[in-house]
Amino acid sequence: ILIPKDRQAKDTLPFHPYFTVKDGFAIILFLMLFALFVFFMPNALGHADNYIPANPLVTPAHIVPEWYMLPFYAILRAIPDKFGGVVAMFGAIGVLFVLPWLDTSKVRSMRYRPTMRTFFIIFVIVGMILGWCGAQLPDAPVIGSFKTFILIDGDLNSYLWLTRFATAYYFAFFLIIMPLVGLRETPLPIPATISEPVLPGGDAEKG
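Residues in the sequence shown are numbered from 3 upward in steps of one, following the numbering used here.
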């Protein structure tokens, strides 16, 4: 968005001290959270089986990767074919590298794109679901003692099928929803000055 010359003085701030203080505050909050895990909960995001010495003659019953790889591990297990699962897992990571070319909207901020914002919120929830599914046994029931039926190669009430539904939305978000919504969605009007969404009446000088 180009800022008119007559509004540049009102709509800009010097980098220091405004942005340095803001970034410094965020860094302090991150370090506090980081120290909480390092010094007080070092095993909170780990798995107890990782401390068992490996036995080359025995395959572990349940392999759980680190927490940040759980969504991609769930995608790997969602496809019965080994090669297809590997392709899907690396595809889920690789699609993030072409994200700028998949977003076809000229408006980059989702503040003015309510439809895309809704799909993105669903995507965040789906990402957390994939992370949860990656830490569970694929054949375990999602809802205990709730009987359904066998669909292809697994019970419908299992983490296997929940993962497959979440995986389908994961790829659909990047390859279908994002390009199409960017072309079809009508964004909200963009204010002529950044003071309009912040100050009453949109006049920074009167505020």
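Don't be surprised by glycine CBs; every beta carbon is placed ideally from N, CA and C.
{"Item": "The region 92-110 / the region 175-195 touching (three or more Cβ pairs under 8 Å)", "Value": "yes"}
{"Item": "Cβ contact check for the region 39-52 and the region 120-132: 3 or more pairs under 8 Å", "Value": "no"}
{"Item": "Uninterrupted alpha helix (DSSP H) stretches inside the region 15-61 (no shorter than 4 residues)", "Value": "22-37"}
{"Item": "Nearest-angstrom Cα separation, counted from Leu153 out to Ala28", "Value": "47 Å"}
{"Item": "Under 9 Å between C-beta atoms of Phe173 and Ala94", "Value": "yes"}
{"Item": "Pairwise C-alpha distance: Phe21 and Ile3", "Value": "Low confidence applies to Ile3: its pLDDT is 49, below 50, so where it sits in the model is not reliable, and the reading given next is rough at best. About 20 Å."}
{"Item": "DSSP-derived helix/strand/coil call for Leu153", "Value": "strand"}
{"Item": "Three-state secondary structure (DSSP) of Pro73", "Value": "helix"}
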